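K.L.:
Residue numbers (mature numbering (1 follows the signal peptide of the UniProt record, and there is no 0)): -27 to -1, 1 to 346. Can you keep this structure in mind? I'll have questions shortly.
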């Protein structure tokens, strides 16, 4: 090779190296999500993802984090735990810096071993199962409160408004078994026992044999612990059988999609909440989300709020994780966050606490198909 050719080759090599380094320095942060974008929980998953994207878009429009933008890669697990685990492994192998905003208790449990094995954080799982809080998982960071606290609060409210005959219908899986402990705690605190307690299959819910058993006990209220279209079907079956019992469910169903699916029977249904009222702009975080949603043409719902706040927590972790964040430095930054004010509400983390928020409230669906508190 002549001297001139060697010089040209060296220049090309240096240019290629510089380009590669520049690309690495300004590479996007890739965040991975596996959730049921189709199937039973598609409506609420869609709303939560919209909320997260609202905040990521704001961050990216402002130049990202140290010049690096956020890229959310979402895979559909069809609300199947096995697919959720496979999707999570695929995302991890693709190099995501964090998993984010997955949906479902058994689904999260299927993912958890991968977090430890591959040392990758999971931020904002959209489930309030106690198993995700205690014992503390070093790579999992919750944002929302527990289902047990929600269910307990809802039962206490029913007691306060004079409901004595309370029935429970739960999905027969780890989510149902977890949340029902809160309901039972609420009943114990108010000196009650459920007049009926029925379970249904998550994969193939069938309420035909369940509803007659409930109604022969003449319940004043029925708490449904389950997700999406299955809970809708159960509530419709109760109403079709002629019952006027107060219907109650948890915050995993706090979406406009859930209200639309309920249709004519939505009015009066109580749904617990784990974030401030989405119309209470006195809270800075709600004012912030409301303005962002209005600008983007997104309908504001409790589930949109959950996605937005979860994204804000993840971004704060990335900001604190150093100039070139890694999975490890992100985990360490989140755990060392202490109390972080996201806008009138505080998320808290530490070595012995990855619970995030401890906020629980109740809403009722009004005549216009809106959540009211």
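Ideal Cβ positions, reconstructed from N, Cα and C, are used throughout, including at glycine. Just so it is clear, the structure is predicted and the values come from calculations on it, not from any experiment.
If you run the structure through DSSP and keep just helix, strand and coil, what is residue 3?
P.N.:
Here residue 3 corresponds to residue number 30 of the chain shown, with the count starting at 1. Strand at residue 3.
K.L.:
Can you tell me which of 198, 263, 171 and 207 puts its alpha carbon nearest to the alpha carbon of residue 190?
P.N.:
Your numbering for residue 190 matches position 217 in the chain shown. Checked all of 198, 263, 171 and 207; the closest Cα to residue 190 is 171.
K.L.:
May I have a chain-ordered list of the alpha helix (DSSP H) segments no shorter than 4 residues that lie completely inside the stretch 171 to 212?
P.N.:
You should have 183 to 188.
K.L.:
Ignoring anything shorter than 4 residues, give me the alpha helix (DSSP H) runs that lie fully in the stretch 40 to 115, in order along the chain.
P.N.:
Fully enclosed alpha helix (DSSP H) runs of 4 or longer: 54 to 66 and 78 to 91.
K.L.:
Can you have a look at residue 28 and say buried or exposed, based on whether 16 or more other CB atoms are within 10 angstroms of its CB?
P.N.:
The sequence position of residue 28 within the chain shown is 55, counting from 1. Residue 28 should be labelled buried.
K.L.:
Residue 29 by DSSP, collapsed to three states: which one?
P.N.:
As a first step, residue 29 is located in the chain shown; it is residue number 56 there, counting from the start. Note: residue 29 maps to helix in three-state DSSP.
K.L.:
Is the beta carbon of residue 139 closer than 7 Å to that of residue 243?
P.N.:
Walking along the chain shown from the start, residue 243 turns up at place 270. Walking along the chain shown from the start, residue 139 turns up at place 166. Contact flag unset, no.
K.L.:
Does the distance from the C-beta atom of residue 2 to that of residue 70 stay below 7 Å?
P.N.:
Within the chain shown, the letter at position 29 stands for residue 2. Within the chain shown, the letter at position 97 stands for residue 70. In contact: residue 2 and residue 70 (Cβ atoms closer than 7 Å).
K.L.:
Going along the chain, which residues of its own chain have a beta-carbon closer than 7 Å to the beta-carbon of residue 263, five neighbours each way excluded?
P.N.:
Counting from 1 along the chain shown, the entry for residue 263 is found at position 290. Cβ within range, chain order: 254 and 273.
K.L.:
To the nearest angstrom, report how far apart residue 13 and residue 313 are at their CA atoms.
P.N.:
Start at 1 with the first residue of the chain shown, and residue 13 comes out as number 40. Start at 1 with the first residue of the chain shown, and residue 313 comes out as number 340. If I take the Cα positions, the gap works out to 33 Å.
K.L.:
Closest to residue 303 by C-alpha separation, out of 329, 291 and 286, would be which residue?
P.N.:
As a first step, residue 303 must be located in the chain shown, where it is residue number 330. When each option's Cα is compared against that of residue 303, the closest is 291.
K.L.:
Which residues does DSSP list as the beta-bridge partners of residue 312?
P.N.:
Within the chain shown, residue 312 is the residue found at index 339, counting from 1. The partner list for residue 312 (beta bridge, DSSP) reads 321.
K.L.:
Taking residue 240 as the reference, give the member of 261, 205, 64 and 259 with the closest Cα.
P.N.:
Taking the first residue of the chain shown as position 1, residue 240 is located at position 267. Ranking 261, 205, 64 and 259 by Cα distance to residue 240 puts 205 first.
K.L.:
Mind checking who residue 329 pairs with in its DSSP beta bridge?
P.N.:
In the chain shown, residue 329 corresponds to position 356, counting from 1. 321.
K.L.:
How big is the Cα-Cα spacing for residue -2 and residue 328?
P.N.:
The count along the chain shown starts at 1 and reaches residue -2 at position 26. The count along the chain shown starts at 1 and reaches residue 328 at position 355. Below a pLDDT of 50, predicted positions are generally treated as unreliable, and residue -2, at 45, falls in that range; the measurement from the model is reported next regardless. If I take the Cα positions, the gap works out to 32 Å.
K.L.:
With the cut-off set at 7 Å, would you say residue 347 and residue 33 are in Cβ contact?
P.N.:
The structure shown has nothing for residue 347, since the chain only spans -27 to 346.
K.L.:
Exposed or buried, residue 218, counting other C-beta atoms within 10 Å across all chains shown (16 or more means buried)?
P.N.:
Looking up residue 218 in the chain shown gives position 245. The residue is buried, with at least 16 neighbouring Cβ atoms inside 10 Å.
K.L.:
Taking the C-alpha atoms as reference points, what is the distance between residue 310 and residue 321?
P.N.:
Position 337 of the chain shown, counting from 1, holds the residue named residue 310. Position 348 of the chain shown, counting from 1, holds the residue named residue 321. If you take the alpha carbons of residue 310 and residue 321, they lie about 7 Å apart.
K.L.:
Closer than 8 Å is the cut-off here; do at least three beta carbon pairs connect the stretch 4 to 11 with the stretch 48 to 67?
P.N.:
Counting Cβ pairs under 8 Å, three or more are found: they touch.
K.L.:
Of the choices 166, 173, 178 and 212, whose alpha-carbon is the least far from that of residue 188?
P.N.:
In the chain shown, counting from the first residue as 1, residue 188 sits at position 215. Minimum Cα distance to residue 188 is reached at 212.
K.L.:
Whole angstroms is fine: what's the gap from residue 198's alpha carbon to residue 180's?
P.N.:
For the purposes of this step, residue 198 is taken as the residue at position 225 of the chain shown. For the purposes of this step, residue 180 is taken as the residue at position 207 of the chain shown. Cα-Cα distance, rounded: 13 Å.
K.L.:
Assuming residue 130 and residue 287 make a contact with CB atoms under 8 Å, what is their CB distance in whole Å?
P.N.:
Walking along the chain shown from the start, residue 130 turns up at place 157. Walking along the chain shown from the start, residue 287 turns up at place 314. Residue 130 to residue 287, Cβ: 32 Å. No contact.
K.L.:
Of the choices 109, 112, 101 and 111, whose alpha-carbon is the least far from that of residue 150?
P.N.:
Against the chain shown, residue 150 aligns to sequence position 177. Per the Cα distances, 101.
K.L.:
Contact check, residue 125 vs residue 158 under 8 Å by CB: the rounded distance?
P.N.:
Start at 1 with the first residue of the chain shown, and residue 125 comes out as number 152. Start at 1 with the first residue of the chain shown, and residue 158 comes out as number 185. Residue 125 to residue 158, Cβ: 5 Å. Contact.
K.L.:
Quick check on residue 268: buried or exposed, where buried means 16 or more other Cβ atoms within 10 Å of its Cβ?
P.N.:
For the purposes of this step, residue 268 is taken as residue 295 along the chain shown, with counting starting at 1. Label assigned to residue 268: exposed.
K.L.:
Helix, strand or coil: which one does DSSP assign to residue 151?
P.N.:
Working through the chain shown from its first residue, we reach residue 151 at position 178. Looking at residue 151 - three-state DSSP - the assignment turns out to be helix.
K.L.:
What residue range does the beta strand (DSSP E) around residue 276 cover?
P.N.:
As a position in the chain shown, residue 276 is number 303, starting the count at 1. Premise fails: residue 276 lies in the alpha helix (DSSP H), 275 to 292, not in any beta strand (DSSP E).
K.L.:
Distance, Cα to Cα, residue 207 vs residue 109?
P.N.:
Locating residue 207 in the chain shown gives position 234, counting from the first residue. Locating residue 109 in the chain shown gives position 136, counting from the first residue. If I take the Cα positions, the gap works out to 34 Å.
K.L.:
My guess is that residue 117 and residue 279 are in contact by the Cβ rule of under 8 Å, so how many angstroms apart are they, rounded?
P.N.:
For the purposes of this step, residue 117 is taken as the residue at position 144 of the chain shown. For the purposes of this step, residue 279 is taken as the residue at position 306 of the chain shown. Contact holds; Cβ gap of about 6 Å.
K.L.:
Taking residue 245 as part of the beta strand (DSSP E), name the residues at either end of that continuous run.
P.N.:
Here residue 245 refers to the residue found at position 272 when the chain shown is read from its first residue. Run containing residue 245: 243 to 246, per the beta strand (DSSP E) assignment.
K.L.:
Alpha carbons only, please: which of 104, 11, 18 and 26 is nearest the one belonging to residue 284?
P.N.:
What you label residue 284 is simply residue 311 of the chain shown in a count that begins at 1. The option with the nearest alpha carbon to residue 284 is 26.
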